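A.B. asks: Have a look at the structure that comes next, please.
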Amino acid sequence: MNVTSLAKPEISLLIPAYNEGEGMERALNTIVNILDTIGNDWEIIVIDDGSKDNTYERIGLYSQSEPRVKGVSFSRNFGKEAALLAGLKYSQGKAVIAIDADLQHPPELIPDMIAKWREGAKIVHAVKRSRNTDSLAKRLAAFSINQIISRLGGINIHNASDYKLLDREIVDILVYQLPERERFFRGLSSWIGFQEEYIEFDVSERIEDESKWSFWSLVELSITALTSFTSVPLRIVTFLGLMTLVLGFAIASEALWSWYHGQAVSGFATIIITLLLIGSFIMISLGIIGEYIAKIYEEIKARPPYLVKSTVGFAEPNGKA
Ligand code: UDP
Ligand code: MG
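Under the numbering used here, the first residue of the sequence shown carries the number 391, and numbering increases by one thereafter.
This is the structure we're talking about:
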């Protein structure tokens, strides 16, 4: 190992990749070319999130001719959030940039982000201008999730993406001062505060194939986002209870009134509707409470958020923790 590869680079680029073998080389070429325009003091860390294709082999091959490209491989698919966390831990740069492997995050922004960082910004968010490439359903889902989280959680992640530059100070906070296991990178990096800057970009079409997120992994991410940032849903449970109580009083007094005046107490329809309504309120409430308990359970088990199978290109064997 020569001295330069042991010195800490100025910029670290993190690329989480799940089954991105096909586009890997082109993505790396594009990013390397852009990084070369800003200097040679950088490293690229590709986190292979348990890909089933040849993503990791491609990274290894690339790394042989370009030692500044390194790879971390997970034992299985742990999800993008885990991949980002691993990337942050393995990175050494004074500034760290997270970018998608599918080039939907235009790498041409990298020099601008670095410029803003050099001017003093601690976090540079790349913000989506539009997302026309997604289906209406996905856009609607994304919009409502962002709205709910922004309203309830009190943080603004509207149009936020995971395409960000973080100063080393922020990276250290994210990695070492936030003890939670399940993370929502997008929300956390704006929760932290510090001096933030924004750059807008247009999301381009995914070149290879469709998105690597399944519907359920998006649902899961939204639940993590919600439970991580707000306990308002738990208050909704209390609110539902109060509503039921008021409804109960109304129906009870109506029934008593009828009984007092010798009229038949109104019948089956009322009972069945009330029962179903209250039943569903109870189920929803249990579900909400369940989500929080599940979150507590996950956190308390304290399992590592990911397991590394092997690494390539790092100075020390198997990188670092
Ligand atoms: N990704 C990952 N693990 C996963 C799913 C996705 O590391 O379980 C990576 C993927 O390879 C890509 C990035 O996360 O680099 C964004 O994924 P994708 O493009 O599928 O998501 P979208 O663009 O729809 O947000
Ligand atoms: Mg994408």
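No residue lacks a Cβ here, since even glycine has one placed at the ideal position from N, Cα and C.
Keep in mind the model is a prediction, meaning the values are calculated, not measured.
Does the contact criterion of 3 or more C-beta pairs under 8 Å hold for the region 504 to 519 versus the region 454 to 471?
C.D. replies: No, because fewer than three Cβ pairs between the region 504 to 519 and the region 454 to 471 fall closer than 8 Å, the two stretches do not touch.
A.B. asks: Would you check whether the ligand UDP has a heavy atom nearer than 6 Å to the C-beta of GLY477?
C.D. replies: Every heavy atom of the ligand UDP is 6 Å or more from the Cβ of GLY477, so no.
A.B. asks: Flag this pair as yes or no: are the beta carbons of ASP431 and PRO457 separated by less than 7 Å?
C.D. replies: No, the pair does not count as a contact, with Cβ atoms beyond the cut-off.
A.B. asks: Which first and last residues belong to the alpha helix (DSSP H) in which PRO623 is found?
C.D. replies: That run of the alpha helix (DSSP H) goes 622 to 650.
A.B. asks: Using DSSP's beta-bridge definition, name the partner residues of PHE464.
C.D. replies: Answer is VAL698.
A.B. asks: Report, in whole angstroms, the separation of the C-beta atoms of PHE574 and THR634, which I expect to be a contact under 8 Å.
C.D. replies: Not quite, the Cβ-Cβ distance comes to about 32 Å (not below 8 Å), so this is no contact.
A.B. asks: In the DSSP assignment, the beta strand (DSSP E) including TYR553 goes from what residue to what residue?
C.D. replies: Where TYR553 is concerned, the enclosing beta strand (DSSP E) stretches over 550 to 557.
A.B. asks: Look at the Cβ atom of GLY483, then the Cβ atom of ILE421, and state whether they are nearer than 7 Å.
C.D. replies: Going by C-beta atoms, GLY483 is not nearer than 7 Å to ILE421.
A.B. asks: Does DSSP put SER481 in a helix, in a strand, or in coil?
C.D. replies: In the structure shown, SER481 sits in coil (DSSP, three-state: anything other than H, G, I, E or B).
A.B. asks: Which two residues bound the contiguous beta strand (DSSP E) that contains SER402?
C.D. replies: Counting along the chain, the beta strand (DSSP E) containing SER402 begins and ends at 401 to 407.
A.B. asks: Determine contact between the region 685 to 703 and the region 621 to 636, defined as no fewer than three beta-carbon pairs at a distance below 8 Å.
C.D. replies: The region 685 to 703, when compared against the region 621 to 636, does not touch it at the 8 Å Cβ threshold.
A.B. asks: Any chance the CB of ASP492 is under 6 Å from a heavy atom of the ligand MG?
C.D. replies: It does: the Cβ of ASP492 is within 6 Å (strictly closer) of some heavy atom of the ligand MG.
A.B. asks: Quick one: is ARG416 buried, meaning 16 or more other Cβ sit within 10 Å of its Cβ, or exposed?
C.D. replies: Classification for ARG416: exposed.
A.B. asks: Looking only at its own chain, which residues have a Cβ that is under 6 Å from the Cβ of LEU403, when we skip the five neighbours before and after it?
C.D. replies: Around LEU403: ILE434, ILE487.
A.B. asks: Anyone know if the C-beta pair for PHE619 and GLY583 falls short of 7 Å?
C.D. replies: Cβ distance not < 7 Å, so PHE619 and GLY583 don't count as in contact.
A.B. asks: Where does GLU572 fall in DSSP's three states?
C.D. replies: Coil at GLU572, not helix or strand.
A.B. asks: Is the closest heavy atom of the ligand UDP to the C-beta of ALA473 under 6 Å?
C.D. replies: Under cutoff, so the answer is yes.
A.B. asks: Taking only heavy atoms of the ligand UDP into account, decide whether any of them is closer than 6 Å to the Cβ of ASP439.
C.D. replies: The answer is yes for ASP439.
A.B. asks: Give the DSSP-derived three-state secondary structure of PHE591 in the structure shown.
C.D. replies: PHE591: strand per DSSP, three-state reduction.
A.B. asks: Between TRP649 and ALA642, what straight-line distance do the alpha-carbon atoms span, to the nearest angstrom?
C.D. replies: Going by the C-alpha atoms only, they are around 10 Å apart.
A.B. asks: Closer than 6 Å to a non-hydrogen atom of the ligand UDP - does that hold for the CB of GLY469?
C.D. replies: Checking every heavy atom of the ligand UDP against the Cβ of GLY469, one is found closer than 6 Å.
A.B. asks: With distances taken from CA atoms, which of HIS495, ARG571, LYS685, GLU498 is nearest LEU475?
C.D. replies: The shortest Cα separation from LEU475 among HIS495, ARG571, LYS685, GLU498 belongs to ARG571.
A.B. asks: Would VAL593 and LYS506 qualify as a contact pair, given that the criterion is a beta-carbon distance under 7 Å?
C.D. replies: Not in contact: VAL593 and LYS506 (Cβ atoms no closer than 7 Å).
A.B. asks: Quick check: the Cα distance between PHE712 and LEU646, rounded to an integer number of angstroms?
C.D. replies: The structure shown does not extend to residue 712, since the chain is modelled only from 391 through 711, so no value can be given for it.
A.B. asks: May I ask you to report which of helix, strand or coil DSSP gives GLN653?
C.D. replies: Coil, per DSSP.
A.B. asks: Could you check which residue in ILE661, ILE683, LEU499, ALA407 has the C-alpha nearest to that of ASN444?
C.D. replies: Of the candidates ILE661, ILE683, LEU499, ALA407, the one whose C-alpha sits nearest the C-alpha of ASN444 is ALA407.
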